[in-house]
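Just below is one structure, and these are the notes that go with it.
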Amino acid sequence: MPMTELSLSEQYLLLALDASAHKFGLPARQVMQTFACGAAVAELMLLKRLRLHEDGRLEVVDATPTGYAGTDLLLAELTAGASGTTIRKWIHSIYSRRRLRDLLFEASLRPLLEGDLMSAEQRKLLFVFASTRYTPHPGAIARIVQRIRAELLDQGTEADDKTALLVMLLDSSKLLKAYFFADELDRLRAGLKLLHERNRDRFGVIRQTRRTIDEIHVVMVTTASM
1 MPMTELSLSE QYLLLALDAS AHKFGLPARQ VMQTFACGAA VAELMLLKRL RLHEDGRLEV
61 VDATPTGYAG TDLLLAELTA GASGTTIRKW IHSIYSRRRL RDLLFEASLR PLLEGDLMSA
121 EQRKLLFVFA STRYTPHPGA IARIVQRIRA ELLDQGTEAD DKTALLVMLL DSSKLLKAYF
181 FADELDRLRA GLKLLHERNR DRFGVIRQTR RTIDEIHVVM VTTASM
């Protein structure tokens with residue numbers, strides 16, 4: 001399956017669950033799942049299903065399914081009652097509701113498992129607690145990283161909207177540094193900023209995604225301090 005046919009959440013989770021790259025451990029499950037939900041919000045804005053107003057309110061403007069299981073589950077949840085709430089309240093709701101996070105997480109993983117882009121191994125922690133270890137296929141990881149490199153580091157290549165948003169999400173959750181050298185990270189960030197400045201109309205969703213990411217960080221900090 002071409003990487004461009006995967007949703008933002010699916011691509012994000014492939015890299016977030018890559019234990020071979022994240023030597024000091026994977027992100028906390030709650031954090032990973034919340035960022036995956038943030039990726040789904042960004043995709044819905046990119047596909048013009050969702051609008052983020054200046055006052056922070058989320059509005060569903062088109063409830064047509066996207067074809068991505070996890071993204072459509074989030075869209076249905078928003079359509080059923082969360083549309084009109086603020087992005088901060090919605091992110092807080094996701095962060096604090098494990099059942100909803102688990103449902104969205106599992107829905108986003110299903111196409112990866114069915115497409116042989118990831119494997120799952122049932123395990124028991126301390127021989128008692130059941131857990132699942134997910135292992136992304138190295139080829140799938142390589143294709144995503146190569147696409148980022150080609151579109152944002154190599155000369156003369158225009159970045160795809162999805163690629164730009166994926167880089168933002170990976171960078172904000174401290175995952176990008178596992179795949180790029182420090183000087184490449186600086187160039188990626190500079191390239192993203194330049195794209196935004198040159199194409200403000202086209203990349204308006206970048207500003208909205210940045211706001212979504214900022215709200216994720218606010219929710220995590222405030223929740224941790226309670």
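The opening residue of the sequence shown carries number 1 in the UniProt record's numbering; numbering runs sequentially from there.
The beta-carbon is built from N, C-alpha and C at its ideal position, and this holds for glycine as well.
Asked                                                                                                                : Found
Enclosing alpha helix (DSSP H) for R51 [first to last residue]                                                       : Premise fails: R51 lies in the beta strand (DSSP E), L50 to L52, not in any alpha helix (DSSP H).
As assigned by DSSP and simplified to three states, the class of R123                                                : strand
Whole runs of the alpha helix (DSSP H) within the stretch 98-170, excluding any shorter than 4 residues              : 98-114 and 138-152
Residue environment, H217, which counts as buried when at least 16 other CB atoms sit within 10 Å                    : exposed
Alpha carbon of T132 to alpha carbon of L104, nearest angstrom                                                       : 16 Å
Buried versus exposed, by CB contacts within 10 Å (16 or more), E151                                                 : buried
Start and end residues, alpha helix (DSSP H) containing E197                                                         : A182 to R198
Nearest-angstrom beta carbon gap, L26 and L17 [assumed within contact, 8 Å]                                          : 6 Å
Residues of its chain near L47, where Cβ-Cβ distance is below 7 Å and the 5 sequence neighbours each way are ignored : T66
Simplified DSSP state of L58, which is helix, strand or coil                                                         : strand
Minimum C-alpha distance to Y134 - residue among A120, W90 and R110                                                  : A120
Length of the line joining the Cα atoms of R98 and G38                                                               : 15 Å
Cβ pair I91, E10 closer than 8 Å                                                                                     : no
8 Å contact criterion, which I94 and M168 should meet: CB distance rounded                                           : I94 to M168, Cβ: 18 Å. No contact.
Collapsed DSSP secondary structure at T86 in the structure displayed                                                 : strand
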